[in-house]
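First comes the structure, then the notes that go with it.
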Amino acid sequence: MATARQLAELISIGPAMLRDFDMLGIHSVAQLSKQEPRKMYERLNRKTGQRQDPCVLDTFCAAVAQARNPRLPANQCQWWYWSRKRKSTAHKEREATTRDARGPRVSQRDRQSPAEG
Numbered sequence: 330m331a332t333a334r335q336l337a338e339l340i341s342i343g344p345a346m347l348r349d350f351d352m353l354g355i356h357s358v359a360q361l362s363k364q365e366p367r368k369m370y371e372r373l374n375r376k377t378g379q380r381q382d383p384c385v386l387d388t389f390c391a392a393v394a395q396a397r398n399p400r401l402p403a404n405q406c407q408w409w410y411w412s413r414k415r416k417s418t419a420h421k422e423r424e425a426t427t428r429d430a431r432g433p434r435v436s437q438r439d440r441q442s443p444a445e446g
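Residue 402 in the numbering used here sits at position 73 of the sequence shown, with consecutive numbering throughout.
Structure (structure tokens):
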């Protein structure tokens, strides 16, 4: 019979993260699997009274993914996989926001007034 995985066995999880989990009331992999990383990050920010480094969010993502899928590919167990993913998503969102703020693209021909046509 397989023994239940321990939080300390998860890749990317060290003593500091274990303290953070404890502060959040998370004491098992089963509990962790039911969490949402962004909400964990926001709760930790409130509990500590300071904004944590975004890499903490990335580590929460790695830990929750492992808790939900014991066969998660090795690269996805690393916090930096989630860091790259977060940064890529943020970059795409910034591009979309910038594009939306500029409005629709207008061709040079469409910019001419009827009198110029």
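Just so you know, even glycine gets a beta-carbon here, dropped at the ideal spot from N, CA and C.
Practice item. Measuring only between beta-carbons, confirm whether V393 sits less than 8 Å from chain C. Key: Chain labels in this structure do not include chain C; a single protein chain is all it has.
Review point. Secondary structure at K363, three-state DSSP: helix, strand or coil?
Key: Stepping through the sequence shown from its first residue, residue 363 is reached at position 34. Three-state DSSP puts K363 in coil, outside helix and strand.
Practice item. Helix, strand or coil for L401, going by three-state DSSP, please let me know. Key: Residue mapping note: residue 401 aligns to position 72 of the sequence shown, counting from 1. Note: L401 maps to coil in three-state DSSP.
Exercise for review: List the whole-angstrom C-beta distance separating D387 from R415, where the pair is believed to meet the contact cut-off of C-beta under 8 Å.
Suggested key: Numbered from its first residue, the sequence shown carries residue 387 at position 58. Numbered from its first residue, the sequence shown carries residue 415 at position 86. Right, the Cβ-Cβ distance comes to about 6 Å (below 8 Å), so this counts as a contact.
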